[in-house]
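Asker:
There are 2 protein chains.
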Amino acid sequence: MSYLVIRNVSVLIVPESGDCRVDEGQDIHIEDDQITAITATGVTPSAAAQADDGAAAPEAASEVIDGTGLIAVPGLVNSHTHSPMVMMRGAAEDLSIDDWFNQRIWPMEVNLTPERVRVGARLACAEMLLAGVTTFVDHYFHADQIAEAALESGIRADLAPTFFSSTGPEAIEAAIATARDLPTLGPRITSSLGPHATYTVSDEDLRRTADIARAEGFRIHLHAAETEDQTQSSLDRLGVTPMQVLERTGVLDAGALIAHGCGIRDPDLPILERYADRTTVASCPKVYLKLAMGTVTPIKGLQSIGLQVGIGTDGAAVHNTLDVWESLRMVALTQKQREQDAEWMNVSDTLRLATRGGAAAAGLADQVGALEPGRQADLALVDLSGPHCQPVHDARAALVYSVRSSDVVTVLVAGQVVVRDRQLTTMNLDEVLADAKDLAHTLVDLSKGGAVQHYAP
Amino acid sequence: MSYLVIRNVSVLIVPESGDCRVDEGQDIHIEDDQITAITATGVTPSAAAQADDGAAAPEAASEVIDGTGLIAVPGLVNSHTHSPMVMMRGAAEDLSIDDWFNQRIWPMEVNLTPERVRVGARLACAEMLLAGVTTFVDHYFHADQIAEAALESGIRADLAPTFFSSTGPEAIEAAIATARDLPTLGPRITSSLGPHATYTVSDEDLRRTADIARAEGFRIHLHAAETEDQTQSSLDRLGVTPMQVLERTGVLDAGALIAHGCGIRDPDLPILERYADRTTVASCPKVYLKLAMGTVTPIKGLQSIGLQVGIGTDGAAVHNTLDVWESLRMVALTQKQREQDAEWMNVSDTLRLATRGGAAAAGLADQVGALEPGRQADLALVDLSGPHCQPVHDARAALVYSVRSSDVVTVLVAGQVVVRDRQLTTMNLDEVLADAKDLAHTLVDLSKGGAVQHYAP
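Chains A and B supply the protein sequences, listed in that same order. The first sequence begins at 1 in the UniProt record's numbering and counts up one residue at a time. The second sequence begins at 1 in the UniProt record's numbering and counts up one residue at a time.
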């Protein structure tokens, strides 16, 4: 058993509802992969905690990390991304959503190989861990390679192997087989089924996916109602909204993580409400503004029917970073704008979405997303001493509106120190960057022609 | 004469129109406060440059800064801020615009003293310089104290001493006298006249301000048409828009920097067009979203009539940072959203607003805002080697959508190295932070009652 103590740290407490608070002068006690107690500095874990799991006295700690002057926050969750797309960062700028897909991204993705995906995923894991992201929820090709990168880096991941209907039943079968294999590759890896979207996967394939998901206990992670235009197009073509497609194919019944959902309309809410216990939505607003999608995820409506909402970056080919601090700030700002209410999406609610909401999106609602005894020790120690954060009248506001990823000092995932003093402990960053630079040109090469798919939702 | 060379650096060239480009492998030659030549690395400045100003050979450089692996960008301009409000960072969160002004900010400002303003301004200058902001355009009280902080830090500043009509003619006279004195305090300080807004300064006082501005060569920096509501209220109360107020009082004729202008309507454009050569607008979109103002600056319309637009942070009591990288990213994103056009406000145009646009807003259009021989040597060396920027398919996109202020390595203002290896050379940051922390509580104390003004535009 390893026993680690983070000594004399401020702790961000994110309750299930209501205001977050910051407890100063705390010790976080971590045994193996779990938080076992949070006590006032220097106080032995409570008798209750000792009775539960035999927590040792602080003196017995095999490692003590000095948290003085730092704030411990639950590790952030990137609730929706395509991590290897970091390899295309900056290669598709200032384009309409149609051109972004059809002139750049889907033609580029004919260049995907297992090696290139792995190199991209390693870079993505490095970027996320250094920024305090301890879990990511991914949707991409060659997901086994992404799992290997996640395992090497020490990050936690839920991975959905992507498939389209257009590539035929064998490719779908292979993606589902990969989803079955992923959790066997090592710890901290879970998987979901990954049909691409309601507009690229047929109802028949969605139905079969839902059947497998229900039978084998998978959740389904997919794109749906990404834009209002997609919803209107679905109504025009099929007479139903994307949410109705998800219901009639059994996807909602199986349990779904819906990426974006900006085109979810008020009449969809009663449908979603029936599956509120197993439906989450990931919001990635930087992308909605950058692609001029016209609207953002209707979080207020979704929360009103009991859905959990997480925050994601989407892929870096459009978001340019995998920075969840940036994303959560964008959520706060764009939700206030959407609702025309500056009091809405306050700092506590924003932090809750990025942590507890993300945990739900990852299918890990009881395991991560809060700093509490019994949960996994996934956390980041953040330094608010920089001139862009000082003076600190409200640490929660500093975390939402001032902090930068470069303020993350130390990161733990499942009790393992994966970032120490702003350096990765698990990977050689120079090597990760050099590999990515070497291969970057191969991903954006459009000389071969073709595309993995055509965007015409 | 001092002669400094930045050796082997990539240079961001921001033309007056069209695409920005990055020239690799360049030497930037700096004599005293000016750029005298930009040459291929190792090449002696051109005969032309030598003939112009007697540039010495590189061997004679008194200092050589190695720019290998870095990109030199024109120092960013914060086109509208209230720098000492960093002291209130995080003290007025999740509030409507009315409550933000009337319950927090204007009651807090009864606590302003010269010392508190100076301590805040020192912190603000530190934050901005470390983030590559080399010029700021300020609007606040006790502007002489802000000038002293700017002088100490080495930053460039245009300062407008704020006044309301409600505080009487003597206070106005004092503010104008301060504006007259500021440039005498030292180099790199210019001043503007600072009536607060069209809704807090009477037409009569605006008219008198415009007369003085025209007579003495000042520009006028003020808030106008901050929101659509203000424009509607002006029409309801006065029968004219805020832009019409600015015209009829002579403010536009004198030359104005208009903060925000989100409520500028299409019929205002022909009015503004008559003064396009001397009118600039500063856009601070993080604030418009955070206060749920309902709209953002109509930059497309303003540019269509030839106005220059700069990017600002506004005060940190609402923007939380003075980070112009963050602001320029928000401009790109919110302008795409506003125009429902992902091709609009492309990376080159965004970078131009933050540099040349800001220079115009500061009244320094010919002196800063671009890396060109003959201009002031105000620049930042930025490191794009971090995992959040790599691989770099397009450095311009990295600067707009990936970079963080912490990627700024070295900063020069007027040829002086003010940040070296991410450390201020001009001030002791620990001392600056300690002073700010000591006094922060005095600024947010509401026990005295009263307010400097009431928001009822």
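Just so you know, even glycine gets a beta-carbon here, dropped at the ideal spot from N, CA and C.
Name the two residues that bound the continuous beta strand (DSSP E) containing residue 361(A).
Answerer: Counting along the chain, residue 361(A) falls outside any beta strand (DSSP E), though it belongs to the alpha helix (DSSP H) covering 358–361.
Asker: When the Cα atoms are used, what is the spatial distance from residue 7(B) to residue 29(B)?
Answerer: When rounded, the distance between both Cα atoms is 9 angstroms.
Asker: Which residue spans inside the stretch 234–308 of chain A form an unbroken beta strand (DSSP E) run of at least 3?
Answerer: Taking only runs of at least 3 residues, the beta strand (DSSP E) segments lying wholly in the stretch 234–308 of chain A are 256–260 and 279–283.
Asker: Just to confirm, are residue 378(B) and residue 419(B) a CB contact at a threshold of 8 angstroms?
Answerer: No, they are not a contact pair.
Asker: Rank 280(A), 237(A), 291(A) and 198(A) by C-alpha distance to the C-alpha of residue 248(A) and give the top, closest one.
Answerer: Comparing Cα positions, the closest option is 198(A).
Asker: Using a Cβ-Cβ cut-off of less than 7 angstroms, give me the residues of the stretch 405–419 of chain B that come near chain A, in sequence order.
Answerer: Listed by position along the chain: 405 and 406.
Asker: Under a CB-based cut-off of 8 angstroms, is residue 96(A) close to chain B?
Answerer: Yes - at least one Cβ of chain B is within 8 angstroms of the one on residue 96(A).
Asker: So, residue 143(B) versus residue 130(B), is the Cβ gap smaller than 8 angstroms?
Answerer: Contact: no.
Asker: Is there contact between the stretch 302–322 of chain A and the stretch 262–269 of chain B, where contact requires at least three CB pairs shorter than 8 angstroms?
Answerer: No: the two stretches stay apart, fewer than three of their Cβ pairs being nearer than 8 angstroms.
Asker: So which residues of chain B does residue 257(A) contact, with C-beta pairs closer than 7 angstroms?
Answerer: Ordered by position in chain B, no residue passes the 7 angstroms Cβ test against residue 257(A), which lies about 25 angstroms from the chain.
Asker: Give the DSSP-derived three-state secondary structure of residue 164(B) in the structure shown.
Answerer: Correct three-state label for residue 164(B): coil.
Asker: Going by beta carbon distance, what residues of the same chain come within less than 7 angstroms of residue 465(B), once the five residues before and after it are set aside?
Answerer: The structure shown has nothing for residue 465(B), since chain B only spans 1 to 457.
Asker: Give the straight-line distance between the Cα atoms of residue 318(B) and residue 325(B), rounded to the nearest whole angstrom.
Answerer: In a straight line, the C-alpha of residue 318(B) is about 16 angstroms away from that of residue 325(B).
Asker: From this set, 73(B), 18(B), 60(B) and 90(B), which residue's C-alpha is nearest residue 394(A)'s C-alpha?
Answerer: Per the Cα distances, 90(B).
Asker: Any residues in the stretch 284–309 of chain A with a beta carbon nearer than 7 angstroms to a beta carbon of chain B? Which ones, in chain order?
Answerer: Residues 286, 289, 290, 291, 292 and 294.
Asker: Are three or more beta carbon pairs between the stretch 62–74 of chain A and the stretch 107–121 of chain A nearer than 8 angstroms?
Answerer: The stretch 62–74 of chain A, when compared against the stretch 107–121 of chain A, does not touch it at the 8 angstroms Cβ threshold.
Asker: Counting only beta-carbon separations shorter than 8 angstroms, does residue 47(A) have a partner in chain B?
Answerer: Below a pLDDT of 50, predicted positions are generally treated as unreliable, and residue 47(A), at 46, falls in that range; the measurement from the model is reported next regardless. Taking Cβ atoms only, chain B never reaches closer than 8 angstroms to residue 47(A), which makes this a no.
Asker: Rounded to the nearest angstrom, what separates residue 202(A) and residue 111(A) at their Cα positions?
Answerer: Approximately 25 angstroms, taken between the alpha carbons.
Asker: Using C-beta distances below 6 angstroms, list every residue in its chain close to residue 161(A), excluding the 5 sequence neighbours before and after it, in chain order.
Answerer: Result list for residue 161(A): 143, 175, 178, 179 and 194, in chain order.
Asker: Is the shortest distance between the beta-carbon of residue 368(A) and the beta-carbons of chain B less than 8 angstroms?
Answerer: Chain B contact via Cβ: absent.
Asker: If the cut is a Cβ gap below 7 angstroms, which residues of chain B does residue 247(A) touch?
Answerer: Simply none; closest approach about 30 angstroms.
Asker: Tell me, to the nearest whole angstrom, how far the beta carbon of residue 352(A) is from that of residue 14(A); I am working on the premise that it is less than 8 angstroms.
Answerer: The Cβ separation is near 5 angstroms, so the contact holds.
Asker: If you draw a straight line from the alpha carbon of residue 19(A) to that of residue 104(B), how long is it in whole angstroms?
Answerer: If you take the alpha carbons of residue 19(A) and residue 104(B), they lie about 20 angstroms apart.
Asker: Report the residue from 236(B), 33(B), 235(B) and 270(B) whose alpha carbon sits nearest the alpha carbon of residue 534(B).
Answerer: Outside the displayed span of chain B (1 to 457) sits residue 534(B), for which this structure offers no information.
Asker: Are the stretch 288–298 of chain B and the stretch 335–343 of chain A in contact at 8 angstroms, needing three or more beta carbon pairs?
Answerer: Flag = yes, the stretch 288–298 of chain B and the stretch 335–343 of chain A touch.
Asker: Measure the Cβ-Cβ separation of residue 443(A) and residue 128(A) and say whether it is below 8 angstroms.
Answerer: Contact flag unset, no.
Asker: Taking a contact to mean a Cβ-Cβ separation below 8 angstroms, would you say residue 71(A) touches residue 22(A) in this structure?
Answerer: Result yes, Cβ atoms of residue 71(A) and residue 22(A) sit closer than 8 angstroms.
Asker: Starting from residue 383(A) and walking both ways along the alpha helix (DSSP H), at which residues does that stretch end?
Answerer: From DSSP, residue 383(A) is part of no alpha helix (DSSP H) but of the beta strand (DSSP E) over 379–383.
Asker: Would you say residue 51(A) faces chain B, with C-beta separation under 8 angstroms as the test?
Answerer: Bear in mind that a pLDDT of 47 at residue 51(A), under 50, signals an unreliable position, so the model cannot answer this.
Asker: When you compare only the Cα positions, how much space is there between residue 83(A) and residue 121(A)?
Answerer: Cα to Cα, the separation comes out at about 6 angstroms.
Asker: Using a beta-carbon distance cut-off of less than 8 angstroms, what residues from the stretch 128–154 of chain B approach chain A?
Answerer: So the close ones are 130 and 131.
Asker: Going by C-alpha distance, which of 191(B), 138(B), 190(B) and 209(B) is nearest residue 171(B)?
Answerer: When only C-alpha atoms are compared, the closest one is 209(B).
Asker: Among the candidates 305(B), 3(B), 16(B) and 308(B), whose CA atom is the shortest distance from the CA of residue 348(B)?
Answerer: Among 305(B), 3(B), 16(B) and 308(B), the Cα nearest to that of residue 348(B) belongs to 16(B).
Asker: By DSSP, does residue 48(A) sit in helix, in strand, or in coil?
Answerer: Unreliable placement is indicated for residue 48(A), whose pLDDT of 42 sits below 50; no coordinate value is reported for it.
Asker: Strictly under 8 angstroms for the Cβ-Cβ distance: is residue 87(A) near chain B by that measure?
Answerer: Yes, its Cβ sits closer than 8 angstroms to a Cβ of chain B.
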